[in-house]
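These notes concern the structure reproduced below.
Protein chains: 2
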Amino acid sequence: MSYTVGKVAEFAGVTVRTLHHYDEIGLLSPSDRSRTGYRRYDDADLLRLQQIMYYRELGFSLDEIATILDDPHADAQAHLRRQHELLSERITKLQKMVYAIEFAMEAEKVGIQLTPQERFEVFGDFDPDKHAEEAKERWGDTEAYRESMRRAGRYTKEDWQRIKDEMTQWGERVVALMDSGAPADGPDAMQLAEEHRQHISQWYYECTYEIHTGLADMYLADERFEAFYESIKTGLARYLHDAIHANAIMRA
Amino acid sequence: MSYTVGKVAEFAGVTVRTLHHYDEIGLLSPSDRSRTGYRRYDDADLLRLQQIMYYRELGFSLDEIATILDDPHADAQAHLRRQHELLSERITKLQKMVYAIEFAMEAEKVGIQLTPQERFEVFGDFDPDKHAEEAKERWGDTEAYRESMRRAGRYTKEDWQRIKDEMTQWGERVVALMDSGAPADGPDAMQLAEEHRQHISQWYYECTYEIHTGLADMYLADERFEAFYESIKTGLARYLHDAIHANAIMRA
DNA sequence: CTCCAACCTCACGTTACGGGAGAGTCAAGC
DNA sequence: GCTTGACTCTCCCGTAACGTGAGGTTGGAG
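Residue numbers (the working numbering), protein chains in the order written: chain A, 1431 to 1682; chain B, 1431 to 1682.
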């Protein structure tokens, strides 16, 4: 079975020009041509293209990919194994970025100032990246964008005042509850934790139980957050942490 | 507090040239200059740079980033929320790719032929990507690379024969165990599951319990794998699945 | 036999910088 | 106060990985 450029381009999700380019630079030359000069790709070519796309996704230049793929010591399995490893690392890195974002969101909410170094910590050791179509189409005037903008992003000053007030009140209630000696995993504390989660979901972003416990961990693990909550009341950071966890476990 | 290009470049992990470029195209112009013409970046500039880098990581062009960041309707929180969402989607996509790789590795091992469409399914809707330094440095002659190459990638024909034999033997023992009526979550089945995992770890790639259960799920969920194992013996796919899961639960 | 879609080969344009030239600037040490 | 090495400035040309036609050929459905 052999395929034309158009077909290959179609199910590989690249343009015909890209395939022409790969042919030009010798990265992927179709193993055959029709007598009229049409490119004909066979299954082996497709396998190579697949490898190319994975490595490209992982940020290698076409030159590097050529060297990698033409290494006689590495077979298909070795490539897959390698790609698996690199992908996993990349996911870990992106997860760190997600954490950093959650941190920044929370920091901004309570007004903690980040130093420039802190802002860029997560960018420690990588370079640009592309996402293209999907992201492009999403931004602009898609439904998802309007939805997210509808939910937040343009509150009035009064809204912000209300949000702050709500939060302040909530804080007072937590402190009062702590003073009353109620346990952090009791029903009242859990109720307050749930309110906190819903407050975030309503005004900021959808806060799942997972994200919420992530925040709770942050309150304890990060000295800036800990200092912030401890300055309100001694033991508050841990109390919040425990209440949020108890709540998440019960409801999830 | 204000910073020079060099400082900013340093803790943002970009080159000075990049910052010059962003200034040229008006994406990020330092809010001040010294009387001798030196660029001076303040905290607001850094915040903007941080946003730029996140969006860049997410694959937006500099043009698009400019439009996005200059949207008066979106504040810092809105950007963070949006970035969080996009990052999560991206992670999901990469996880799908990891799954696809695991699938391809397993398929190649047992000799299942993939159609071109199947090969590219995961590339459905995105474009190039870069990873740069980290990946570049890793490839070539780093310790990690040599390590992985040492472990696999250049077996002799005899090695391959041994691997195949080992696998065949193992398969026969599983079938025999099934015939004997032993339960899939019994100690013998679990032992065979563990051997399977170690076989993969030894010859192919490090197969964690998590990956192993992923494979088990694949045996049931994917009709090609199911057909493959069912053709050996009816009920084998599920038997393997259950044994691997039982083993993973016990040992983990 | 006729189309139109798909293919071909140039060939110039674009994005996001890299890298160097040539010249001015800053701060630490003598 | 002077040197000197690291840092900065503004051109400006180079590169990678394609995008985007221009102008011409082919192939298969009707």
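C-beta: ideal position from N, C-alpha, C; glycine also.
Under a CB-based cut-off of 8 Å, is residue i close to chain B?
i: Tyr1639(A); result: no
i: Gln1591(A); result: no
i: Met1648(A); result: no
i: Ala1673(A); result: no
i: Val1435(A); result: no
i: Trp1569(A); result: Residue placement at Trp1569(A) is poorly supported in this model, since its pLDDT is 40, which falls under 50; the coordinates still yield a value, given next. It does: the Cβ of Trp1569(A) has a partner Cβ on chain B nearer than 8 Å.
Have a look at residue i and residue j and give me their C-alpha separation to the nearest angstrom.
i: Ser1461(B); j: Phe1658(A); result: 31 Å
i: Gln1547(A); j: Ala1504(B); result: 24 Å
i: Leu1510(A); j: Glu1624(B); result: 23 Å
i: Phe1655(A); j: Thr1598(A); result: 16 Å
i: Leu1477(A); j: Arg1549(B); result: 8 Å
i: Asp1493(B); j: Met1608(A); result: 51 Å
i: Tyr1485(A); j: Ile1498(A); result: 9 Å
i: Glu1602(A); j: Pro1617(B); result: 56 Å
i: Val1604(A); j: His1642(A); result: 17 Å
i: Thr1664(A); j: Ala1606(A); result: 13 Å
i: Lys1526(A); j: Asp1595(B); result: 43 Å
i: Asp1453(A); j: Leu1479(B); result: 38 Å
i: Met1431(A); j: Leu1622(B); result: 40 Å
i: Tyr1471(A); j: Val1540(B); result: 25 Å
i: Gly1467(A); j: Phe1490(B); result: 37 Å
i: Ser1459(B); j: Trp1600(A); result: 41 Å
i: Ile1542(B); j: Ser1610(B); result: 29 Å
i: Cys1637(B); j: Ala1442(A); result: 29 Å
Listing by chain order, which chain B residues have their CB less than 9 Å from the CB of residue i?
i: Glu1538(A); result: Ala1506, Gln1507, Leu1510
i: Tyr1707(A); result: For chain A, the structure presents residues 1431 to 1682; residue 1707(A) sits outside this window and is missing.
Check whether chain A comes within 8 Å of residue i, counting only Cβ atoms and requiring the distance to be less than that.
i: Ser1631(B); result: no
i: Glu1577(B); result: Residue confidence is low: Glu1577(B) scores 43 on pLDDT, short of 50, so the model does not pin down where it sits. Its coordinate-derived value is still stated next. So no, Glu1577(B) is outside the interface.
i: Glu1454(B); result: no
i: Met1680(B); result: no
Would you call the CB atoms of residue i and residue j closer than 8 Å?
i: Arg1469(B); j: Thr1434(B); result: yes
i: Ala1676(A); j: Ala1619(A); result: yes
i: Tyr1634(A); j: Gln1507(B); result: yes
i: Tyr1639(A); j: Ala1667(A); result: no
i: Leu1457(B); j: Leu1488(B); result: no
i: Ala1534(A); j: Leu1544(A); result: yes
i: Gly1644(B); j: Glu1515(B); result: no
i: Asp1615(A); j: Asp1652(A); result: no
Around the C-beta of residue i, are 16 or more other C-beta atoms found within 10 angstroms, so that it is buried, or is it exposed?
i: Ala1682(A); result: exposed
i: Ala1439(A); result: buried
i: Ile1455(B); result: exposed
i: Ile1662(B); result: exposed
i: Arg1463(B); result: exposed
i: Arg1592(A); result: exposed
i: Asp1501(A); result: exposed
i: His1450(A); result: exposed
i: Val1528(A); result: buried
i: Arg1520(A); result: buried
i: Met1483(A); result: buried
i: Glu1536(B); result: buried
i: Gln1481(A); result: buried
i: Val1444(B); result: buried
i: Arg1627(A); result: buried
i: Thr1448(A); result: buried
i: Ala1530(A); result: buried
i: Ala1474(A); result: exposed
So which residues of chain B does residue i contact, with C-beta pairs closer than 7 Å?
i: Gln1513(A); result: Ile1531
i: Tyr1635(A); result: Arg1511, His1514
Starting from residue i, find everything on chain B with Cβ-Cβ shorter than 8 Å and list it in chain order.
i: Arg1549(A); result: Leu1476, Leu1477, Gln1480
i: Met1535(A); result: Gln1507, Leu1510, Arg1511, His1514
Going along chain A in order, which residues have a C-beta closer than 8 Å to the C-beta of residue i?
i: Leu1413(B); result: No statement about residue 1413(B) is possible, as the shown extent of chain B runs from 1431 to 1682 and does not include it.
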